[in-house]
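Numbering-wise (our numbering), the sequence shown opens with residue 2 and increments by one.
From the three backbone atoms N, C-alpha and C, an ideal C-beta is built for every residue, glycine too.
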Amino acid sequence: MKSKLPIGILGATGMVGQRYIQLLENHPWFEIAWLAASDRSSGKKYGEAAKWRLDTPLPRRIAEMTVSPAEPKNAPKIVFASVDAAIAREMEPAFANAGCAVLSNSSAFRMAPNVPLVIPEVNADHLEMIEEQPSRQSSGGYMVTNPNCSTIGLVMALKPIEERFGIEQIFVTTMQAVSGAGYPGVASMDILDNVVPYIGGEEEKMEAETLKLLGKLEGHAVNPLAARMSAHCNRVPVVDGHTECVSIKLGNKLGRTATREEIVEAWSEFRPLAGRDLPFAPEQPVEWAGQPDRPQPRLDRNRGRGMAVTVGRLRPCNLLDWKFVLLSHNTVRGAAGATILNAELLASLGKLEQNPPPDSSGALKRKKAMEIGDAIVAGVTALVTGGAASGGTGVC
Ligand SMILES: NC(=O)c1ccc[n+]([C@@H]2O[C@H](COP(=O)([O-])OP(=O)(O)OC[C@H]3O[C@@H](n4cnc5c(N)ncnc54)[C@H](OP(=O)(O)O)[C@@H]3O)[C@@H](O)[C@H]2O)c1
Numbered sequence: 002m003k004s005k006l007p008i009g010i011l012g013a014t015g016m017v018g019q020r021y022i023q024l025l026e027n028h029p030w031f032e033i034a035w036l037a038a039s040d041r042s043s044g045k046k047y048g049e050a051a052k053w054r055l056d057t058p059l060p061r062r063i064a065e066m067t068v069s070p071a072e073p074k075n076a077p078k079i080v081f082a083s084v085d086a087a088i089a090r091e092m093e094p095a096f097a098n099a100g101c102a103v104l105s106n107s108s109a110f111r112m113a114p115n116v117p118l119v120i121p122e123v124n125a126d127h128l129e130m131i132e133e134q135p136s137r138q139s140s141g142g143y144m145v146t147n148p149n150c151s152t153i154g155l156v157m158a159l160k161p162i163e164e165r166f167g168i169e170q171i172f173v174t175t176m177q178a179v180s181g182a183g184y185p186g187v188a189s190m191d192i193l194d195n196v197v198p199y200i201g202g203e204e205e206k207m208e209a210e211t212l213k214l215l216g217k218l219e220g221h222a223v224n225p226l227a228a229r230m231s232a233h234c235n236r237v238p239v240v241d242g243h244t245e246c247v248s249i250k251l252g253n254k255l256g257r258t259a260t261r262e263e264i265v266e267a268w269s270e271f272r273p274l275a276g277r278d279l280p281f282a283p284e285q286p287v288e289w290a291g292q293p294d295r296p297q298p299r300l301d302r303n304r305g306r307g308m309a310v311t312v313g314r315l316r317p318c319n320l321l322d323w324k325f326v327l328l329s330h331n332t333v334r335g336a337a338g339a340t341i342l343n344a345e346l347l348a349s350l351g352k353l354e355q356n357p358p359p360d361s362s363g364a365l366k367r368k369k370a371m372e373i374g375d376a377i378v379a380g381v382t383a384l385v386t387g388g389a390a391s392g393g394t395g396v397c
């Protein structure tokens, strides 16, 4: 890529917004050109508006940038969005209708039928769905989403198994880090010396998103994986890194039960992005940890620069076929890093530079786009609020 693509961050002051800033420092393809947040922050220097919570210094150039209002006017053509679902539901279509490629972290549109929910290693082909979005026709803009932070790790571990052996049932119990609730998140008096066995909407999101991600794009829609799934989600006193205990019943693609060695081999050989030269793609997306007491958040969350999922403790399950433990970094692989990798994939496919700038389409076209946009928002909002599966305004 000759010159870097300017990108904007919507929700730049939040937990995920800060991760974008940290991860995009020195990114070879993208450069932060615009930062936006709520009215509380807009007009201030980023260094004053944001309570920087990460363990690397806030880059000086970013600290000096002025936070913009969260409006498409003056935003670059590529927007990484990390705002609460209730806000995203209104804002993200407005940016897409104005010609922006919106890469979203929120749950608002993940289950919308014409919006791709993508993990590049798992279902890159689902990106085709952007062509079905009315905004793509009118202004060039579109929306792409990445999954919930606990779903990403699970699906990356399941994909190589599903491909080779098939999966019929999935049972997962999560132990999710506090950073998954944003900042300030869960009160310290609620989480220290404690486990909270409830994260609003999380179990429904995991169950629905997993099956969409592992589903097949058939014609214009995704046919979800026909597996049964049950999730238990818990908040635990860990800062970063979601741990998940998983049991699975395999399908019959082999005509016999897979062995432990075959499952470990499926994980080790899973390198679907090899040779594509995407800067954020981990060389080994699913890393096997053979020690009996791994993976652990403090020891394993930064594998593959936070972009790899670590799996371990694979053993027979007395109820289903096999059980194992996985770990992934929730704000890197589970949020900001996931969006960046989606953007790299879109750039490599030539889909980030094709959309015309928001002001080049003319008044008539813009009016038409707004009308179509209202229709998508109405349709998708009905879909999102109508079904428990897509999850309301809860975190992740
Ligand atoms: N944390 C995770 O691990 C994780 C993982 C996956 C997905 N997600 C999803 O990513 C999104 C952001 O999560 P987060 O953890 O970063 O949340 P957060 O720390 O609470 O940050 C929220 C951001 O949204 C901005 N905002 C609030 N109201 C706004 C408005 N009316 N207009 C424009 N911006 C507004 C805030 O700006 P101000 O500072 O000005 O208030 C802040 O920048 C959520 O949808 C969440 O579910 C989070």
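Whole angstroms is fine: what's the gap from residue 362's alpha carbon to residue 27's?
-> Note on residue 362: pLDDT 44, under 50, position unreliable in the model; the coordinate value appears next. Looking at the two C-alpha atoms, the distance is approximately 32 Å.
On the three-pair Cβ rule with 8 Å, is the region 81–93 touching the region 50–67?
-> By the Cβ criterion, the region 81–93 is not in contact with the region 50–67, since fewer than three pairs of Cβ atoms, one from each stretch, lie closer than 8 Å.
Do three or more CB pairs link the region 142–160 to the region 202–210 at distances below 8 Å?
-> By the Cβ rule, the region 142–160 counts as touching the region 202–210, because three or more pairs are nearer than 8 Å.
Neighbourhood of residue 103 by C-beta, 6 Å cutoff - its chain only, sequence neighbours within 5 removed = Cβ within range, chain order: 80, 82, 93, 96, 97, 144.
Starting from residue 1, follow the alpha helix (DSSP H) in both directions and report where the run begins and ends.
-> Residue 1 falls outside the range modelled here, since the chain spans only 2 to 397, and no answer is possible.
Sequence ranges, alpha helix (DSSP H) only - wholly within the region 227–275, length at least 4 | Segments of the alpha helix (DSSP H) lying fully in the region 227–275: 261–269.
In its own chain, which residues sit with a C-beta less than 7 Å from the C-beta of residue 23, not counting the 5 before and 5 after it?
-> The beta carbon of residue 23 lies closer than 7 Å to those of 55, 57 in the same chain, with the five residues before and after it left out.
Reduced DSSP category for residue 143 - H, G, I as helix; E, B as strand; rest coil | Residue state, collapsed to three classes: strand.
Cβ-based neighbour list, residue 307, same chain, cut-off 7 Å, excluding 5 preceding and 5 following = If we look at residue 307 and ignore the five residues flanking it on each side, its Cβ neighbours are 330, 333, 334, 338.
Excluding the 5 residues preceding and the 5 following residue 231 in the sequence, name in chain order all residues of the same chain whose CB lies nearer than 6 Å to its CB.
-> Counting only Cβ-Cβ distances below 6 Å, and skipping sequence neighbours, we find 172.
Going by C-alpha distance, which of 184, 344, 268 is nearest residue 78?
-> Among 184, 344, 268, the Cα nearest to that of residue 78 is on 344.
Under 8 Å Cβ to Cβ from residue 279, same chain only, skipping five residues before and after it: list those, please.
-> Excluding residues up to 5 positions away in sequence, 121, 342, 345, 346, 349 lie with their Cβ nearer than 8 Å to the Cβ of residue 279 in the same chain.
Curious, which full-length beta strand (DSSP E) runs of at least 3 residues does the region 81–117 contain?
-> Uninterrupted beta strand (DSSP E) stretches at least 3 residues long and entirely within the region 81–117 occur at 102–105, given in chain order.
If residue 37 sits next to residue 71, beta carbons under 8 Å apart, how far is it from one beta carbon to the other, in whole angstroms?
-> At roughly 4 Å, the Cβ-Cβ gap stays under 8 Å, so residue 37 and residue 71 are in contact.
What runs of the alpha helix (DSSP H), each 4 residues or longer, lie entirely inside the region 165–229?
-> If one requires a minimum length of 4 residues, the alpha helix (DSSP H) runs lying completely within the region 165–229 are 189–192, 203–214, in chain order.
If we count the other Cβ atoms within 10 Å of its Cβ and call it buried at 16 or more, is residue 199 buried or exposed?
-> Exposed is the call here.
Out of curiosity, what's the CA-to-CA distance linking residue 255 and residue 264?
-> Whole-angstrom Cα-Cα distance: 12 Å.
Relative to the C-alpha of residue 235, which residue among 159, 191, 211 is closest?
-> Comparing Cα-Cα distances from residue 235 to each of 159, 191, 211, the minimum goes to 191.
Residue interval of the alpha helix (DSSP H) (run including residue 122) | 121–124 is the extent of the alpha helix (DSSP H) around residue 122.
Rounded to whole angstroms, what's the CA-CA distance from residue 225 to residue 109? Just pull it up for me.
-> One C-alpha to the other measures close to 18 Å.
Could you tell me which residues DSSP pairs with residue 7 in its beta bridges?
-> Bridge partners of residue 7: 32.
Proximity of residue 313 and residue 298 at Cβ, strictly below 8 Å | No, the Cβ-Cβ distance between residue 313 and residue 298 is not below 8 Å.
Leaving out five residues on either side along the sequence, give the residues of the same chain with a beta carbon under 7 Å from the beta carbon of residue 69.
-> So the qualifying residues of the chain are 35, 36, 37, 43, 75.
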